[in-house]
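Heads up: the structure comes next, in structure tokens.
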Amino acid sequence: MAYKIFISSTQNDIELARDVAQRLEAAGVRVYPVDKTAVPGERISTSINQSLREADEVFMIMTRDSGDSPGLISEMGKAFSLRKPVTPILVNIDLKNLPTVLSQVEGIKYGELPDYISKLVERIALEKAS
2 MAYKIFISST QNDIELARDV AQRLEAAGVR VYPVDKTAVP GERISTSINQ SLREADEVFM
62 IMTRDSGDSP GLISEMGKAF SLRKPVTPIL VNIDLKNLPT VLSQVEGIKY GELPDYISKL
122 VERIALEKAS
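In structure tokens form, the structure reads like this:
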């Protein structure tokens, strides 16, 4: 079974989310579509909640403007309630400027993303081998 990552971002940060998704997919990691679209007749929140339930890890794209986004906060709360690993991807923001709940979580600076992805791929390979 493939390791799956859900990327949460605001609409303003969608290009950053797409870039992160491309990097993960290039490394062989499955990513839920960053353009949160529902199938016809389905509520978007239903689609997002299903994806969050199925995800192995949740990436939160965090910028100076995203911290108070109701949608991002809602997805963050859902991820924590499902006990999913949440990894903040920090773009021009310090941990101290994140919502309180995320300031307790180890974040990844955007520039350090390639190293994190390499370690993630190694970790996934080890989990598959055991």
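Going by this note's numbering, the residue at position 42 of the sequence shown is 43; the numbering climbs one at a time, nothing skipped. Where a beta carbon is used, it is the ideal one built from N, C-alpha and C, also for glycine. Just so you know, these numbers come straight off a predicted model, no measurement behind them.
Reduced DSSP category for residue i - H, G, I as helix; E, B as strand; rest coil
| i | result |
| --- | --- |
| residue 90 | strand |
| residue 58 | strand |
| residue 110 | strand |
| residue 119 | helix |
| residue 105 | coil |
| residue 97 | helix |
| residue 20 | helix |
| residue 129 | helix |
Status (buried if at least 16 other CB within 10 Å, exposed otherwise) for residue i
| i | result |
| --- | --- |
| residue 71 | exposed |
| residue 1 | Because the chain spans 2 through 131 in this model, residue 1 falls outside it and cannot be assessed. |
| residue 116 | exposed |
| residue 127 | exposed |
| residue 89 | buried |
| residue 18 | buried |
| residue 11 | buried |
| residue 104 | exposed |
| residue 14 | buried |
Residue(s) in a DSSP beta bridge with residue i
| i | result |
| --- | --- |
| residue 32 | 6 |
| residue 63 | 91 |
Problem set entry | Stretch pair the stretch 78–95 + the stretch 49–63: three plus CB contacts closer than 8 Å | yes
Exercise. Do the stretch 84–102 and the stretch 122–131 touch if we need at least three Cβ pairs shorter than 8 Å?
Worked result: no
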